[in-house]
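S.K.:
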Amino acid sequence: MTTSLPAAVGRLIDEFSRLPGIGPKTASRLAFYLLRMPPAQARALSEALRGITEGIVHCARCHNLAESSPCPVCADPGRDAGLVCVVEEPLDVQALERTHEYRGLYHVLHGAISPVDRIGPADLRIGELVSRVRVEPIRELILATNPSLEGDATAMYVERAVRAVNTDLRITRLARGLPMGGDIEYADEQTLARAMKGRSERG
Amino acid sequence: MRLRQLSLTHFRCYRQLALTLPDGPVVLAGQNAQGKTSLLEAVYMLATSRAPHGVPDRQLIYWNAGRDETWPFSRVLGAVERREGPLTIELLSTLQEGGSDAEGPRLIKRIHVNQAPRRAMDLLGQFNVVLFTPQDLEIVAGAPAERRRYLDGLLCQVDSTYCRALSRYNQVLTQRNHLLRLIRERRGLASELAFWDERLIQDGVLVLARRLEATAQLEAIAVDLHERMAGGGGALSLRYHMSWNDPSVGEKGGVLADGASLGEAGGHSRDLAADFAAALERSRPAQLARGVTPVGPHRDDLSFMVGGVDMRGFGSRGQQRTVALALKLAEARLMAQRRGDWPVVLLDDVLSELDPGRRGRLLSLLEDVDQTILTTADQAMLPTDWLRRATLLVVEAGAVRPHVASSS
Ligand SMILES: [Zn+2]
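Residue numbers (our numbering), protein chains in the order written: chain A, -18 to 184; chain B, 156 to 563.
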């Protein structure tokens, strides 16, 4: 079927079908959608795609995505280098930065341990974090992996790996409580117990 | 509790249906394949958000919906009366083209409880039902998975902590089994098992302890119910079997003699954790060789003894059916005890499997229940005095109408 199409269109469909969650049918629909787009808009998309291969590097220190290494956060002398927040993804850094609450540095693992997805500790930037703990003046490591099974597995693995080289370092985990808009009635026992433990002083 | 109103839009063979349910038992009569069972399935879904076991999710949407509607969806709406106060539950299922075309369209379900959006996990326990079907025989005669499904189905409707622990346990198990395979392929290290083992034991022990407790409670209730259904022939006893006491698992048989009394085993979750850990340790070579976890609550079983005979392998069909009925009746009673309110009882074509004596006894054992809804192809098999108190509805070709008595 694809043979009656120009090769460029076939190639586009093949590339789309490699993306996660996209099958051949959706891939062809996306391709034909792009073909019907105004040329200027299609060009903007292709430039955006080129941008992620040509303008993006990993920061050598925190492994966040950036336009240069070190990234602006690592390069900022006003940040507290004694504090390192460990996250799964670059998007997590962005979310934490938006709060304007945190003045330390980051370490991006690029994923979480998940044997089902064939992702083990060696596939993450855990070794790089251990090296940082050895050489940088870090006082506290904040484990901010997702509150999921995989996030917990990752946090535990990171903690053990770091403890093996530094026994004095303070290691903390982000407080977990009730989600906004969640009713106490519907919260499970674990969440409620954690929220009770992590309660804060009023006023 | 009672279901007061049920409305369906594009649900299975129903294009549109609005039903108000009166006090007293409800009989849905009609020929086969007219939509009687679908009505019970809709009520079951209001309680659990899922179709009963064995009914594919995708069949939940009206079969013509794709052709004459802009987008295929189905809606089930119920109004429930409870001790705790009224409740409305709305389930909206839509078909969405999935990411991977191999899987076909995906069914997306949205749940509203009293107009507020809720997750499936939060729906469980709000409205309780017990569904009796002819397949209940499998609880006794079928594979161990059927008996675990019986316990899990009961507990998930009354114990949300159990339900969450079970769902996490299954997630951990899947991850752990994949890790075993990675280790076998030398793509993972045995030391990575520590986290998954810890979680498996933590959630597994909670699941196990609550199953043991429920088994003891069920037995206390079912003994009497079984005697009344069977009318003699030996007392029923229930026994929970932990996989690690099974001599065919691991190299060296169990640490505990099998059949430790339930009362003793139930309270000691610390012992259970130690036993689970020891069993995991013992079976490690087999796990690494086969890439599966052979011990844990996901491999446990339940047995039913009547007069010293194991009903799973040695009961007659009639005896097995009586045990299955006693277990379902006990499920309803235990739910009532735990929730302080009766579940709605749904009987899907179960009376035709029974002789008239047992039919009458089953119905009389359901007298206390707030609401019983049953389906039958032949209302003549119902006891006349019972039928007099019931409301008879006729189901035909996806429509429901009141029964008009013929002139007699
Ligand atoms: Zn950086």
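The beta-carbon is built from N, C-alpha and C at its ideal position, and this holds for glycine as well.
1) Classify PRO449 (chain B) as buried or exposed, calling it buried when 16 or more other Cβ atoms lie within 10 Å of its own Cβ.
2) With 16 as the cutoff for other CB atoms within 10 Å, does GLY414 (chain B) come out buried or exposed?
3) Answer yes if the stretch 330 to 347 of chain B comes into contact with the stretch 439 to 447 of chain B, meaning at least three C-beta pairs across the two stretches below 8 Å, and no otherwise.
4) CB-CB under 8 Å to GLY463 (chain B), same chain, minus the five flanking residues each way: which ones, in chain order?
5) Would you identify the three-state DSSP class for MET490 (chain B), choosing helix, strand or coil?
6) Mind pulling the chain B residues with CB within less than 9 Å of LEU105 (chain A)?
7) Report yes or no: do three or more beta-carbon pairs, one from the stretch 375 to 394 of chain B and one from the stretch 477 to 495 of chain B, lie closer than 8 Å?
8) Tell me where the alpha helix (DSSP H) around SER112 (chain A) begins and ends.
9) Would you say VAL111 (chain A) touches ligand 1, meaning its beta carbon is less than 7 Å from a heavy atom?
10) List the residues of chain A whose Cβ lies closer than 9 Å to the Cβ of PHE282 (chain B), in chain order.
11) Is the number of C-beta pairs between the stretch 294 to 307 of chain B and the stretch 58 to 68 of chain A that are closer than 8 Å three or more?
12) Does the beta-carbon distance from PHE228 (chain B) to LEU215 (chain B) come in below 8 Å?
13) Along chain A, which residues have their Cβ under 7 Å away from the Cβ of SER315 (chain B)?
14) Which residue from B:LEU321, B:LEU373, B:HIS381 puts its Cα closest to that of ARG513 (chain B)?
15) Could you list which residues in chain A have their beta carbon closer than 9 Å to that of GLN330 (chain B), in chain order?
16) Can you have a look at MET156 (chain B) and say buried or exposed, based on whether 16 or more other CB atoms are within 10 angstroms of its CB?
17) Taking the alpha helix (DSSP H) that CYS318 (chain B) falls in, what are its first and last residues?
18) I want to verify the contact list: residues of chain B whose CB lies under 7 Å from the CB of TYR87 (chain A), in sequence order.
19) Any idea if GLY422 (chain B) is buried or exposed, counting beta-carbon neighbours within 10 angstroms, 16 or more meaning buried?
20) Comparing the CB of VAL54 (chain A) with every heavy atom of ligand 1, is any distance shorter than 7 Å?
21) Compute the beta-carbon to beta-carbon distance between SER263 (chain B) and ARG273 (chain B), rounded to the nearest angstrom, for a pair I have assumed lies under 8 Å.
22) Check whether the Cβ atoms of ASN45 (chain A) and TYR87 (chain A) lie closer than 8 Å to each other.
23) Measuring CB atoms only, is the stretch 191 to 211 of chain B touching the stretch 283 to 294 of chain B, in the sense that at least three cross pairs come out at less than 8 Å?
24) Which residue or residues does DSSP assign as beta-bridge partners of MET460 (chain B)?
25) What alpha helix (DSSP H) runs, 4 residues minimum, are completely inside the stretch 258 to 295 of chain B?
26) Would you check whether ligand 1 has a heavy atom nearer than 7 Å to the C-beta of ARG42 (chain A)?
27) Start and end of the beta strand (DSSP E) containing ARG17 (chain A)?
28) Hey, is GLY221 (chain B)'s beta-carbon within less than 8 Å of any beta-carbon in chain A?
29) Here's the rule I'm using: 16 or more other beta-carbon atoms within 10 Å means buried, otherwise exposed. How should THR126 (chain A) be labelled?
30) Interface residues of chain A around PHE459 (chain B) at Cβ under 8 Å?
31) Count the other CB atoms, across all protein chains shown, that sit within 10 Å of the CB of ASP533 (chain B); report buried if there are 16 or more and exposed otherwise.
32) Start and end of the alpha helix (DSSP H) containing GLU347 (chain B)?
33) So if I threshold CB-CB distances at 7 Å, which residues from the stretch 133 to 161 of chain A count as touching chain B?
34) Can you name, in chain order, every residue of its own chain whose Cβ lies under 7 Å from the Cβ of VAL505 (chain B), other than the five neighbours on each side?
35) Judging by CA-CA distance, which residue of B:GLN326, B:ASP314, B:VAL284, B:ILE294 is the nearest neighbour of LEU130 (chain A)?
36) Residues bridged to PRO557 (chain B) by DSSP?
M.R.: Short version:
1) With 16 or more other Cβ atoms within 10 Å, it is buried.
2) For GLY414 (chain B), the pLDDT reaches just 44, beneath the cut-off of 50, and the residue's location in the model is therefore unreliable, although a value from the coordinates is still provided. Exposed.
3) Touching, per the Cβ criterion.
4) Annotation for GLY463 (chain B): GLY389 place their beta carbon closer than 8 Å to its own, counting only its chain and skipping 5 residues before and after.
5) In this structure, MET490 (chain B) counts as helix in the three-state DSSP scheme.
6) Near LEU105 (chain A) there are no residues of chain B at all, since even the closest Cβ is about 12 Å away, more than 9 Å.
7) Taking 8 Å as the limit for Cβ pairs, the verdict is that the stretch 477 to 495 of chain B does touch the stretch 375 to 394 of chain B.
8) SER112 (chain A) -> alpha helix (DSSP H) spans 107 to 116.
9) Checking every heavy atom of ligand 1 against the Cβ of VAL111 (chain A), none is found closer than 7 Å.
10) By Cβ distance, chain A contributes nothing, its closest Cβ being about 15 Å from PHE282 (chain B), past 9 Å.
11) In this structure the stretch 294 to 307 of chain B does not touch the stretch 58 to 68 of chain A; the number of beta carbon pairs closer than 8 Å is below three.
12) The answer is no: Cβ separation not under 8 Å.
13) Within chain A, the residues near SER315 (chain B) are ASP169.
14) When C-alpha distances from ARG513 (chain B) are compared across B:LEU321, B:LEU373, B:HIS381, the shortest belongs to B:HIS381.
15) Going along chain A in sequence order, the residues near GLN330 (chain B) (Cβ under 9 Å) are ILE94, SER95, PRO96, VAL97, LEU130, GLU131, ALA134.
16) With 16 or more Cβ atoms within 10 Å of its Cβ, MET156 (chain B) is classed as buried.
17) Taken as a continuous stretch (DSSP letters only), the alpha helix (DSSP H) holding CYS318 (chain B) covers 315 to 339.
18) The premise fails here: TYR87 (chain A) is roughly 23 Å from chain B at the closest Cβ pair, so nothing lies under 7 Å.
19) Interpretation of GLY422 (chain B) is limited by its pLDDT of 48, a score under 50 that renders its predicted location unreliable; no figure is taken from the coordinates.
20) Checking every heavy atom of ligand 1 against the Cβ of VAL54 (chain A), one is found closer than 7 Å.
21) Reading off the sequence shown, one finds Ile at residue 263 (chain B), where the question assumed Ser. 15 Å between Cβ atoms; not a contact.
22) In terms of Cβ geometry, ASN45 (chain A) and TYR87 (chain A) form a close pair [threshold 8 Å].
23) Segments in contact, yes.
24) When DSSP reads this structure, MET460 (chain B) sits in a beta bridge with B:SER392, B:ASP465.
25) Those alpha helix (DSSP H) runs which fall completely within the stretch 258 to 295 of chain B and span 4+ residues are 275 to 278.
26) Result yes, Cβ under 7 Å from ligand 1.
27) Segment 5 to 17 is the alpha helix (DSSP H) holding ARG17 (chain A); no beta strand (DSSP E) there.
28) The predicted model places GLY221 (chain B) with a pLDDT of 49, which falls under 50 and marks its position as unreliable, so this point remains unresolved.
29) Buried, since its Cβ has 16 or more Cβ neighbours within 10 Å.
30) Listed along the chain, the chain A residues whose CB falls inside 8 Å of the CB of PHE459 (chain B) amount to none; the nearest CB is some 32 Å away.
31) With fewer than 16 other CB atoms across the displayed protein chains lying within 10 angstroms of its CB, ASP533 (chain B) is exposed.
32) Neither: GLU347 (chain B) is in no alpha helix (DSSP H) and is coded neither H nor E.
33) So the close ones are ALA134, MET137, TYR138.
34) Excluding residues within five positions, the ones whose Cβ falls inside 7 Å are PHE287, THR288, PRO289.
35) The option with the nearest alpha carbon to LEU130 (chain A) is B:GLN326.
36) BP columns for PRO557 (chain B) point to B:LEU548.
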